[in-house]
Amino acid sequence: MLVSLKTILGIAEAKQIAVGAFNVTGLEGIRAVIEAAESLQQPVILQFANSAHNMYIPLDMIGPIMVEFAERSSVPVCVHLDHGNSFDEISAAIDMGFSGVMYDGSALPYEENVANTRAVVEISHKYGISVEAEIGSMGNDEAQLKSCYTEPEDAARFVEDTDIDALACSFGTVHGIYLSAPKLDIERIGHIKERCNRPIVMHGGSGISDEDFRRCIKEGVRKINFYTYAAKYAGDAVRDSIIHAEENVYFHDIAAIAMNSMTDTYKKTIKVFSNL
Ligand code: 13P
Numbered sequence: 023m024l025v026s027l028k029t030i031l032g033i034a035e036a037k038q039i040a041v042g043a044f045n046v047t048g049l050e051g052i053r054a055v056i057e058a059a060e061s062l063q064q065p066v067i068l069q070f071a072n073s074a075h076n077m078y079i080p081l082d083m084i085g086p087i088m089v090e091f092a093e094r095s096s097v098p099v100c101v102h103l104d105h106g107n108s109f110d111e112i113s114a115a116i117d118m119g120f121s122g123v124m125y126d127g128s129a130l131p132y133e134e135n136v137a138n139t140r141a142v143v144e145i146s147h148k149y150g151i152s153v154e155a156e157i158g159s160m161g162n163d164e165a166q167l168k169s170c171y172t173e174p175e176d177a178a179r180f181v182e183d184t185d186i187d188a189l190a191c192s193f194g195t196v197h198g199i200y201l202s203a204p205k206l207d208i209e210r211i212g213h214i215k216e217r218c219n220r221p222i223v224m225h226g227g228s229g230i231s232d233e234d235f236r237r238c239i240k241e242g243v244r245k246i247n248f249y250t251y252a253a254k255y256a257g258d259a260v261r262d263s264i265i266h267a268e269e270n271v272y273f274h275d276i277a278a279i280a281m282n283s284m285t286d287t288y289k290k291t292i293k294v295f296s297n298l
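The following block contains the structure:
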């Protein structure tokens with residue numbers, strides 16, 4: 023069933039777990055996420071990062087399919103826009119029936135980030151849609167990361183100024199493949215949570231150890247964004263299966279191999295996030 027981001031994060035809070043938020047770029051990914059969540063009977067977030075992935079499929083094509091799968095599912099599913107950065111994109115997601123949106127104004131000056139986030143909150147809340155927003159910056163660059171860590175005071179002020187439903191913040195994770203082992207400032211999560219009283223969102227889940235996931239969840243992380251490793255393992259599985267192929271290679275077989283690999287990765291990940 024389709025539920026709002028606020029509802030699904032409420033379930034996570036009650037169970038002291040984190041909900042996996044998995045990016046999708048096509049039907050195989052959507053099917054893998056839903057299959058993994060249903061087989062474990064756990065809530066899940068299907069998300070699309072239009073700003074990064076619309077070269078593979080446009081929002082107006084994948085969005086309605088995500089909503090349809092969520093509505094048909096036997097588990098609570100939130101359909102979420104990841105890293106939304108324009109009002110047009112956010113309005114399109116709302117019109118399509120998404121139940122959560124992220125507005126990412128983290129690269130903007132504070133006042134501008136607040137003004138834009140507030141505008142997104144006002145329109146979204148009118149339709150019962152929840153909003154995630156970001157302060158601090160995760161980016162893709164480990165070298166510059168420390169200077170962008172979220173300060174608990176800033177986070178508290180941001181939540182107060184915007185009335186968002188979930189807070190993405192920076193404590194040592196980055197998107198994509200890590201160049202060296204990530205060192206997370208896990209205590210910072212607890213301080214931020216204490217000051218903000220909002221579910222904390224971890225971006226850049228790929229490459230984090232199971233032990234660190236568990237410690238972050240204990241401190242208040244309730245949504246974990248995870249994509250790169252699922253896509254990489256699916257690519258590895260496809261490569262392994264065809265590297266010595268002497269006969270014809272058919273796309274439908276490759277797609278099935280990738281989908282099954284993603285299902286396995288998401289199942290393992292959800293087990294860790296749900297303490298199963
Ligand atoms: P990874 O691709 O590094 O797992 O991060 C996903 C993410 O944070 C999407 O917003």
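The sequence shown lines up with residues 23 to 298 when you count with the working numbering. Built from N, CA and C at the ideal position, the CB exists for glycine as well.
Cβ of residue i versus every heavy atom of ligand 1: is any distance shorter than 7 Å?
{"i": "His197", "result": "yes"}
{"i": "Tyr249", "result": "yes"}
{"i": "Asn45", "result": "yes"}
{"i": "His225", "result": "yes"}
{"i": "His105", "result": "yes"}
{"i": "Ala278", "result": "no"}
{"i": "Ser73", "result": "no"}
{"i": "Ser113", "result": "no"}
{"i": "Ser263", "result": "no"}
{"i": "His26", "result": "Per the sequence presented here, residue 26 reads as Ser, with His not at that position. Outside the cutoff, so no."}
{"i": "Ser228", "result": "yes"}
Have a look at the options and flag the residue whose alpha-carbon is nearest the alpha-carbon of residue i.
{"i": "Phe70", "options": "Glu57, Thr184, Thr47, Leu62", "result": "Thr47"}
{"i": "Glu93", "options": "Ile116, Phe120, Asp110", "result": "Phe120"}
{"i": "Val89", "options": "Pro221, Ile214, Met23, Leu206", "result": "Met23"}
{"i": "Ser283", "options": "Glu182, Ala259, Gly150", "result": "Ala259"}
{"i": "Ala129", "options": "Tyr149, His147, Asp82, Thr172", "result": "Thr172"}
{"i": "His102", "options": "Asp110, Ser96, Ala115, Phe109", "result": "Ala115"}
{"i": "Asn247", "options": "Leu31, Ala43, Glu35", "result": "Ala43"}
Got a sec? Which residues, its chain only, sit under 7 Å from residue i by beta carbon, not counting five neighbours each side?
{"i": "Val142", "result": "Ile112, Val123, Tyr125, Val153"}
{"i": "Lys16", "result": "Only positions 23 to 298 of the chain appear in the structure, and residue 16 is not among them; the question remains open."}
Terminal residues of the continuous beta strand (DSSP E) containing residue i?
{"i": "His102", "result": "99 to 106"}
{"i": "Ala188", "result": "188 to 191"}
Between which two residues does the alpha helix (DSSP H) carrying residue i extend?
{"i": "Phe295", "result": "273 to 295"}
{"i": "Ile157", "result": "Element bounds for Ile157: not the alpha helix (DSSP H) but the beta strand (DSSP E), 152 to 157."}
{"i": "Met83", "result": "81 to 94"}
{"i": "Leu130", "result": "First-last for Leu130: undefined, no H or E at that position."}
{"i": "Val55", "result": "49 to 62"}
{"i": "Leu68", "result": "Counting along the chain, Leu68 falls outside any alpha helix (DSSP H), though it belongs to the beta strand (DSSP E) covering 66 to 70."}
Might you give, ordered along the chain, the residues of its own chain that have their beta carbon closer than 6 Å to the beta carbon of residue i, omitting 5 neighbours on each side?
{"i": "Thr287", "result": "Ala252, Tyr255"}
{"i": "Glu57", "result": "Thr285"}
{"i": "Phe91", "result": "Ile52, Ile56"}
{"i": "Gln64", "result": "Ile292, Ser296"}
{"i": "Phe180", "result": "Ile157"}
Starting from the C-beta of residue i, find all residues in its chain whose C-beta is less than 8 Å away, skip the five residues before and the five after it, and write them out in chain order.
{"i": "Arg236", "result": "Val294, Asn297"}
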